[in-house]
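Colleague: All residue numbers for the sequence shown refer to numbering that gives the first Met the number 0, where the first residue is 0 and numbers rise by one.
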Amino acid sequence: MIFNFDSITLSFLVVASVTLAVVSVLVWYVYSSKKFRQDMIDLMDEKLSNYLDNLEPPVQEAEEPQAEEEPHDFVVNTEPQKDETEFAEKAEEHKETAEELLQSFVEKPR
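1. In terms of residues, what are the limits of the alpha helix (DSSP H) holding residue 14?
2. Near residue 33, what residues of its chain come up, given a Cβ to Cβ distance below 7 Å and the 5 sequence neighbours on each side ignored?
3. Tell me the rounded alpha-carbon separation between residue 0 and residue 16.
4. Quick one: grab the DSSP three-state call for residue 74.
5. Quick check on residue 55: does DSSP put it in helix, strand or coil?
6. Just the C-alpha distance for residue 40 and residue 53, rounded to the nearest angstrom, thanks.
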């Protein structure tokens, strides 16, 4: 494609592109400068602290009065349970059987 521009249009495009380039460089320089960044940080910090200062404290819901809990006294149940009783009876039977076997070995002459 061949563009036919007259001199006024061509000069306008050149001026517009140069202006855009200069503005872009200036904006980049301002945003990249340390002072500008620090100023923005300070400004945002100030706005945030003002916002936080103006906040109302959160409304706390009324807590229901709770009865004071007494510390638990852990009681150890010393009575044997059913399973423990059965186990103890079987252990006693095995003990008696073991004693009888031991006596039988001791009494037998070799």
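Note that the Cβ used here is the ideal one computed from N, Cα and C, for glycine as well.
Modeller: So, to answer that:
1. Residues 6-31.
2. So no residue of the chain qualifies.
3. Residue confidence is low: residue 0 scores 49 on pLDDT, short of 50, so the model does not pin down where it sits. No coordinate-derived value is stated.
4. Correct three-state label for residue 74: coil.
5. Of the three classes helix, strand and coil, the one that applies to residue 55 here is coil, per DSSP.
6. Looking at the two C-alpha atoms, the distance is approximately 20 Å.
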